[in-house]
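For the sequence shown, our numbering begins at 41 and goes up steadily by one.
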Amino acid sequence: MSGVNLNNIYVGDNGRIQLSGGSSNIDFVDVVDKMIAARRIPAVTLEDRIEKNDEKLAALREMQDLVTAMKDSLSKLYGATSFDKSKDIFESKQVYATSSNGGGSASSAAELVGVTATNAAAAGSYSLEIDQIASKHKVAGNVIAANPADDATGVIGTGQFTIGGGIGSAQITVSAGDSLQDIRDQINALKGNTGIQASLVKVADGQTSLILTSTKEGAANRMTLSDDSGSVLQNLGILSDATTINVTNEVDIGNDAQFKLDGVTITRSSNEVTDLVDGLTFSLFAAEPGTTIALEVEQDLNQAKEAIVGFVDAYNALQTFINEKTYVDSATSKASEDAILLGNSAVKSVESALRQLIGTPANGVTDIANKTDYSLLAEIGINFLPNAEVSDPKLLNTLKIDDAKLNQALLTEPDEVMELFNFRGGSDNPNVSMTNFTNNTKAGEYVFDIQASGGTITSVTYSITGDASAQNVAATVSGNYITTENGLKLFYSGSGNTNETATVNTSVGVGAQFFFELNKALDTDTGTLTQEISTLEQQNTAYQDKVDRIDERLVGQRETLMDKFIAMETALARMKNIQSSLDELMAAGKEDS
């Protein structure tokens with residue numbers, strides 16, 4: 041039973057109305073409420089814990105988002121493999137183009153050609169000269185004495201004609217009463233089958249011309265036209281006889297693109313050329329014979345720098361958040377109101393691991409030309425912000441970039457910067473290349489013995505130089521893929537008819553170490569942050585179940601207490617009635633005497 045206390049009137053669930061304390065002068069509703077409140081203190085304690093956990097959960101989820109953002113900032117910095125190199129920011133390319141015409145006037149390179157490069161493009165230089173760009177075949181008919189929507193058959197007649205292009209052909213029927221719009225619409229409805237589209241030009245009132253154009257450029261997409269019955273196309277001025285295009289009205293014959301690359305003459309049917317050089321797309325805009333366009337394909341170091349800066353920014357955002365949520369005033373030794381994650385083991389674990397990695401060297405980087413490669417972030421200008429420059433406690437243990445030092449490293453030794461960040465795997469056998477790795481893959485020298493016959497691999501064993509526990513270990517073979525026990529995955533492109541050996545040297549850069557550490561913290565099953573969030577969620581569920589059980593039990597107790605107080609009030613009221621009756625009888629007896 042539950043009720044409300046309104047000016048000492050108690051109304052039960054059954055509609056019974058009772059004056060609270062009407063006989064006893066005790067406000068029993070208030071008394072019961074206070075008794076239940078006292079008994080509910082354990083539930084209030086649990087609700088306080090839920091509220092605190094909810095605050096922690098909100099902070100941990102925000103931290104989880106920041107860790108995810110930091111991991112994403114490393115997605116192209118840790119050396120992920122792909123055949124087109126699209127996952128490695130250090131393989132980004134940019135193209136510089138300049139034009140010249142032997143001392144004569146030349147259009148700018150941007151007016152003549154656009155060249156884009158993917159990561160798969162190799163750095164290099166090219167010389168381009170555009171003699172002719174590809175064009176669409178176009179024929180414009182004579183001006184016909186009719187408006188586009190008028191019946192045109194009185195001028196051009198009726199019949200059937202066939203149109204064909206680079207895709208296929210189709211027959212068009214012109215019936216009595218058809219307009220030029222009707223003919224245009226029939227042609228355009230079939231352009232996906234023919235490769236020909238039609239348009240109308242209203243020259244003046246009562247004067248219209250029909251124009252046919254191939255949908256694609258090049259000689260292979262030129263139109264073939266014929267009047268099959270009647271003379272519709274001839275009457276339109278598009279054909280000079282039943283099968284011959286009227287050359288007088290042929291606006292463009294539909295040329296192939298012709299150009300020279302490094303002196304070699306090349307022909308293509310389109311101005312978009314994607315099959316000339318791996319990773320390069322050429323968009324031909326205009327022809328200018330005699331003008332040479334010099335193309336330089338280089339590493340896009342700006343993209344690499346932006347990625348590195350993005351990683352540092354993401355690290356600092358995470359560290360600043362941790363500082364805010366764990367801040368203790370050194371002067372008073374008191375935690376701030378926002379320090380809801382102070383002492384949290386998961387937060388400590390993530391922070392400690394990341395801070396340690398800042399000073400951890402890349403593992404397995406090699407010496408080139410007797411010069412030691414970069415192995416620490418500090419060597420390219422990335423280091424902790426000095427305490428003297430920490431103006432805000434939130435900036436403690438954040439990173440600072442020496443811009444000049446980073447620029448110098450990227451400009452002079454970009455490959456070494458790449459090795460500092462990436463997981464790298466180089467093979468001395470062109471038939472064996474690395475395709476993947478895991479967080480368990482070690483840096484080292486892997487020596488493979490590949491047994492093959494009949495076009496397939498029969499077995500593979502490998503040894504890791506200097507590792508006594510990894511000698512003559514059998515690798516897993518699946519088709520042309522070879523996988524070691526620690527997750528190094530290779531692709532074999534040989535004939536499969538002879539036995540081969542391959543030595544693969546791997547190194548684990550700082551970017552890869554960070555990426556796998558963050559991935560570990562975010563793992564959906566075993567991740568440090570994931571488990572902490574799950575633990576708090578489970579606690580809250582258990583706490584709420586207990587609160588619900590306490591409240592359910594208190595509902596019954598309140599009902600019992602209310603019943604007892606109501607019974608007491610009823611008994612007191614009855615006693616007062618009896619006493620009143622006795623008083624009346626005694627008073628009457630005295631009067632009679």
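Glycine included, C-beta positions come from ideal geometry on N, C-alpha and C.
Can you name the start and end residues of the alpha helix (DSSP H) that residue i belongs to?
{"i": "Q226", "result": "220–229"}
{"i": "S389", "result": "385–398"}
{"i": "E459", "result": "454–461"}
{"i": "L279", "result": "Taken as a continuous stretch (DSSP letters only), L279 belongs to no alpha helix (DSSP H), as it is neither H nor E."}
{"i": "A149", "result": "149–152"}
Out of the options, which one is the CA nearest neighbour of residue i?
{"i": "E456", "options": "N423, K445, S415", "result": "S415"}
{"i": "G217", "options": "F201, N289, V241, A189", "result": "A189"}
{"i": "I485", "options": "K133, N476, A510", "result": "Checking the sequence, you will find Glu at residue 485 rather than Ile. Comparing Cα positions, the closest option is A510."}
{"i": "A77", "options": "K630, E391, E609, I590", "result": "I590"}
{"i": "I348", "options": "L425, V155, T372, L450", "result": "L450"}
{"i": "K418", "options": "D432, V430, P401, S431", "result": "Note on identity: in this sequence residue 418 is Ala, with Lys being the wrong assignment. It is P401 whose Cα lies nearest to the Cα of A418."}
{"i": "Q584", "options": "E453, D88, D70", "result": "D88"}
{"i": "I497", "options": "T523, D565, V153", "result": "T523"}
{"i": "A150", "options": "V387, I251, A327", "result": "A327"}
{"i": "F325", "options": "G294, S147, L335", "result": "S147"}
{"i": "Y355", "options": "L397, T321, L335", "result": "L397"}
{"i": "T332", "options": "V390, Q200, R79, S145", "result": "S145"}
{"i": "S499", "options": "N526, N537, T481", "result": "N537"}
{"i": "I223", "options": "I196, I207, G246, G204", "result": "I196"}
{"i": "L558", "options": "V71, R101, A109, E102", "result": "A109"}
{"i": "I441", "options": "G495, A371, G350", "result": "G350"}
DSSP puts residue i in a beta bridge; with which residues?
{"i": "Y530", "result": "First, the residue type needs correcting, since residue 530 is Leu and not Tyr in the sequence shown. Paired residue(s): M474, I522."}
{"i": "K256", "result": "Answer by DSSP bridge pairing: none, since K256 is not bridged."}
{"i": "E131", "result": "Bridge partners of E131: none, in fact."}
{"i": "R464", "result": "S547"}
{"i": "V513", "result": "Y502"}
{"i": "Q619", "result": "Answer by DSSP bridge pairing: none, since Q619 is not bridged."}
{"i": "I380", "result": "According to DSSP, I380 bridges with nothing at all."}
{"i": "V487", "result": "S503, T543"}
{"i": "E169", "result": "K300"}
{"i": "A137", "result": "L335"}
{"i": "S209", "result": "G204"}
{"i": "T156", "result": "T321"}
{"i": "I76", "result": "Partner(s): none; I76 has no beta bridge."}
{"i": "T248", "result": "I184, K242"}
{"i": "A627", "result": "Paired residues: none, contrary to the question."}
Can you give me the start and stop residues for the beta strand (DSSP E) that residue i sits inside?
{"i": "V84", "result": "No beta strand (DSSP E) holds V84; the alpha helix (DSSP H) holding it covers 81–113."}
{"i": "A688", "result": "Summary: the structure shown does not reach residue 688, with the chain confined to residues 41 through 633, and so no result is reported for it."}
{"i": "G199", "result": "199–204"}
{"i": "I18", "result": "The question about residue 18 has no answer, for the chain in this structure spans 41 to 633."}
{"i": "G119", "result": "Taken as a continuous stretch (DSSP letters only), G119 belongs to no beta strand (DSSP E), as it is neither H nor E."}
{"i": "V195", "result": "No beta strand (DSSP E) contains V195, which is instead part of the alpha helix (DSSP H) from 193–196."}
{"i": "S373", "result": "S373 -> no beta strand (DSSP E), and no H or E assigned at all."}
{"i": "G217", "result": "Neither: G217 is in no beta strand (DSSP E) and is coded neither H nor E."}
{"i": "A244", "result": "236–244"}
{"i": "S266", "result": "264–269"}
Does any residue of chain B have a CB that is nearer than 8 Å to the CB of residue i?
{"i": "D603", "result": "The question asks about chain B, but that chain is absent: this structure has only one protein chain."}
Kindly confirm or deny that the stretch 220–235 and the stretch 163–171 touch, where touching means at least three C-beta pairs closer than 8 Å.
The answer is no - the stretch 163–171 does not touch the stretch 220–235, with fewer than three Cβ pairs under 8 Å.
Would you be able to state if there are at least three C-beta pairs under 8 Å between the stretch 170–179 and the stretch 278–295?
yes
Hey, is the stretch 146–161 in contact with the stretch 119–128, meaning 3+ C-beta pairs nearer than 8 Å?
The stretch 146–161 and the stretch 119–128 touch, with no fewer than 3 CB-CB distances between them shorter than 8 Å.
What are the complete alpha helix (DSSP H) segments, minimum 4 residues, inside the stretch 286–370?
Runs found: 341–365.
Please confirm if the stretch 450–467 is in contact with the stretch 503–523, defined as three or more CB-CB distances below 8 Å between the two stretches.
Between the stretch 450–467 and the stretch 503–523, the count of Cβ pairs shorter than 8 Å is below three; the stretches do not touch.
Note down, one range per segment and in chain order, each beta strand (DSSP E) of at least 3 residues found wholly within the stretch 519–602.
521–523, 529–532, 540–548
If we count Cβ pairs, one from each stretch, closer than 8 Å, do we get three or more for the stretch 377–387 versus the stretch 535–547?
Segments in contact, no.
With contact counted as at least three CB pairs below 8 Å, one residue from each stretch, are the stretch 545–554 and the stretch 74–85 in contact?
no
Would you be able to state if there are at least three C-beta pairs under 8 Å between the stretch 465–475 and the stretch 519–534?
Verdict: yes, contact present.
Could I get the ranges of all uninterrupted alpha helix (DSSP H) runs contained in the stretch 399–452, with 4 residues as the minimum, in chain order?
Listed in chain order, they are 443–452.
Meets three-Cβ-pair contact criterion under 8 Å: the stretch 89–101 and the stretch 295–310
no
Is it the case that the stretch 424–444 contacts the stretch 359–368, given that we only count it when at least three CB pairs across the two stretches are under 8 Å?
yes
Per the contact definition of three or more C-beta pairs closer than 8 Å, is the stretch 267–283 in contact with the stretch 294–308?
no
With a threshold of 8 Å, are at least 3 pairs of Cβ atoms found where one atom belongs to the stretch 608–619 and the other to the stretch 102–121?
no
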